[in-house]
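No gaps in the numbering here: position 376 of the sequence shown is 385 in the working numbering, and each next residue is one more.
Cβ coordinates follow ideal geometry from the N, Cα and C atoms, glycine included.
Notes to accompany the following structure.
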Amino acid sequence: MFDSLSSKFSKAFSGLRSKGRIKSGDIDEVTEEIRLALLDSDVALEVVESFIDKIKDRSLGKLEEVNKGINPSQAIFNIINEELTTILGGSARRIRLAKKPPTVIMLAGLQGAGKTTLAAKLALYLKKQGNTPLLVASDLQRPNAVTQLQQVGAGVNVPVFAPQPGNGVGDPVAVAKAGIKFAIEKMYNIVIVDTAGRLGVDQDLMQEAMRIRDAVNPDEILFVVDAMIGQDAVRTAQAFLDGVGFDGIVLTKLDGDARGGAALSIVAKTERPIMFASTGEKSEDFDLFYPDRMASRILGLGDIQTLAEQAKSAMDSQTTDKLEKKFASGEDFTLDDFLSQLEAMKKMGSMSKLLGMLPGANSGAMKKQLESIDDNELVRTQSIVQSMTPLERHDPKVLNGSRRARIAKGSGRQVSEVNNLVDRFAQAQKMMKQMRNGGGIPGAPKGMGLPAGMGLPAQKPGQTPAKKKSRSGNPAKRAAEEG
């Protein structure tokens with residue numbers, strides 16, 4: 010979502026980093042570039058101007074102090090990071106649970122923002138934390154909205170209260186009230202009420218949302234907004250705030266390629282925090298929104314903390330403990346270990362998305378590499394390893410020509426691909442030894458690095474490694490070749 014903005018920020022900082030001493034003109038130059046980058050990313054003009062003024066005031070006010078430091082450009086960078094974190098909301102805000110269950114969460118927003126899918130994602134997120142959520146189908150206007158909620162609810166194994174068929178039939182306020190009563194009787198501790206939307210803000214939409222709000226007295230009202238709709242997001246958010254009111258914002262489609270400035274504008278304009286973000290199509294592609302982490306990604310610092318958390322959740326403690334013990338004892342990393350990491354990586358999602366969390370991911374060279382990553386390579390690599398015998402996985406040195414041919418046939422791949430994997434794995438074993446001796450990814454859990462060879466360039470099917478040129482036995486000819 011913020012790739013374009015991140016690239017422009019990096020370009021603005023590049024000139025500043027080369028300066029040993031910062032002058033007021035340098036501040037003006039970098040803030041003007043940031044200003045243009047924000048405007049181009051659909052951030053509201055008044056939000057941009059306020060942001061730039063704060064950066065200028067702080068930077069110029071501390072200019073003498075900044076230039077006394079070892080790295081003046083880093084001091085300016087830190088000021089921008091702090092202000093960007095502030096404009097994104099400051100700190101993560103979690104759901105406020107009611108003192109007396111159930112906690113009632115009402116979803117509001119326009120049709121097409123993804124409320125129904127979001128309801129299931131939120132339910133799964135809360136369920137993983139030990140809660141017992143119930144989904145209530147109060148969107149009785151949109152065609153098949155009730156059916157869709159039942160389907161997505163079944164997909165995350167969360168019950169759906171849907172006494173009315175919808176499609177224009179039934180009273181959404183009565184359904185919402187009955188859903189709360191049902192939750193109390195069946196002891197569900199969280200109720201998520203899915204409400205109707207419209208293609209645009211209108212009086213009927215607001216009146217229905219207000220009646221549901223007054224009937225169920227929600228503990229949290231979450232405004233669900235499509236992060237890709239640009240400046241309209243701010244106008245719509247303000248209309249809902251004035252009409253129904255809301256406590257927090259949920260951004261959907263944050264994995265899209267839109268300019269994304271609306272996300273920065275909404276918080277500043279409504280003074281409500283972004284609480285959650287949906288970053289993909291899968292039910293698990295949903296989490297708390299961390300302003301500091303998002304600011305870090307926009308500024309090209311990556312998001313190692315989120316990457317580490319995803320790695321930890323994707324790999325069970327038993328496997329992690331096993332790898333830790335192997336590393337501590339000095340045992341070699343085997344293809345069985347590699348296979349377990351491949352499976353963990355598949356749980357974590359897209360490779361390009363994960364590597365995009367590393368520092369510098371939006372730099373020109375690395376961005377091109379990320380764009381060329383084929384996520385299906387994980388599947389192909391997994392099929393090759395699964396076609397090996399336990400002995401071959403434990404000791405790849407036994408892989409002679411006939412064994413490699415058998416593995417290629419069993420996995421439906423080419424021998425060159427098997428050879429490529431084995432070569433990359435040998436290099437990866439060395440990398441894992443370096444990790445054991447103090448290297449590795451900062452912040453990642455012990456025993457959990459990138460899968461072996463994933464950071465190394467893969468050869469395309471049919472591509473064979475370049476052979477070394479043979480040396481002539483004739484001294485005069487060899488001297489001519491080497492010259």
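Please say whether residue j and residue i have beta carbons closer to each other than 9 Å?
| i | j | result |
| --- | --- | --- |
| M284 | V253 | no |
| L116 | L133 | no |
| A224 | V182 | yes |
| K124 | D148 | yes |
| S420 | V431 | no |
| T204 | E217 | yes |
| K130 | D341 | no |
| V39 | L25 | yes |
| N140 | N87 | no |
| P174 | V161 | no |
| S19 | A277 | no |
Mind checking whether the beta-carbon of residue i lies closer than 8 Å to any heavy atom of the ligand SAM?
| i | result |
| --- | --- |
| I64 | You won't find the ligand SAM in this model; it holds no ligand whatsoever. |
Report, in whole angstroms, the separation of the C-beta atoms of residue i and residue j, which I expect to be a contact under 8 Å.
| i | j | result |
| --- | --- | --- |
| A236 | A271 | 6 Å |
| V145 | V202 | 5 Å |
| L119 | G177 | Not confirmed; about 18 Å, so no contact. |
| S392 | V52 | 46 Å between Cβ atoms; not a contact. |
| V229 | I114 | The sequence shown places Glu at residue 229, not Val. Sure, about 5 Å apart at Cβ, within 8 Å. |
| L297 | A101 | 5 Å |
| T279 | L250 | 5 Å |
| T245 | V210 | 6 Å |
| L351 | T288 | Rounded, the Cβ-Cβ distance is 22 Å, inconsistent with contact. |
| A417 | V424 | 5 Å |
According to DSSP, is residue i part of a helix, a strand, or is it coil?
| i | result |
| --- | --- |
| D241 | helix |
| G537 | The question about residue 537 has no answer, for the chain in this structure spans 10 to 492. |
| A107 | coil |
| D180 | coil |
| A122 | coil |
| G206 | coil |
| V253 | coil |
| L143 | strand |
| D223 | helix |
| T95 | helix |
| E58 | helix |
| V52 | coil |
| G175 | strand |
| A46 | helix |
| G456 | Legend: pLDDT at G456 = 38, less than 50; position of this residue unreliable, no value from coordinates given. |
| M397 | coil |
| D294 | coil |
| D66 | helix |
| V167 | coil |
| L408 | coil |
| A132 | helix |
Could you check if residue i is buried or exposed, using at least 16 other CB atoms within 10 Å of its CB as the buried criterion?
| i | result |
| --- | --- |
| R281 | buried |
| K109 | exposed |
| N226 | exposed |
| L143 | buried |
| N153 | exposed |
| P405 | buried |
| L14 | buried |
| K262 | buried |
| R433 | buried |
| A21 | buried |
| V233 | buried |
| M457 | With a pLDDT of 38 at M457, under the threshold of 50, the predicted position of this residue should be treated as unreliable, and no value is reported. |
| P111 | buried |
| V388 | exposed |
| A163 | exposed |
| D180 | exposed |
| S23 | exposed |
| D213 | exposed |
| T398 | exposed |
Between which residues of its own chain and residue i is the CB-CB distance below 6 Å, once the five residues before and five after are set aside?
| i | result |
| --- | --- |
| M303 | L97 |
| H403 | T343 |
| E42 | A21 |
| Q150 | A205 |
| L135 | P142 and I199 |
Which residues in the same chain as residue i place their Cβ atom closer than 8 Å to its Cβ, once the five residues preceding and following it in sequence are excluded?
| i | result |
| --- | --- |
| V407 | L400 and E401 |
| V75 | I31, S68, P81, A84 and I85 |
| K28 | D35, P81 and S82 |
| V57 | R44, L47 and L48 |
| G414 | According to the sequence as given, residue 414 is Ala; it is not Gly. Correct list, in chain order: V424. |
| L348 | Q391, V394, Q395 and R402 |
Closer than 7 Å by C-beta to residue i: which residues in its own chain qualify, once you throw out the five before and the five after it? Chain order, please.
| i | result |
| --- | --- |
| Q159 | V169 and A171 |
| I64 | T40, I88, I89 and E92 |
| A122 | G206, V233, V234, D235 and T261 |
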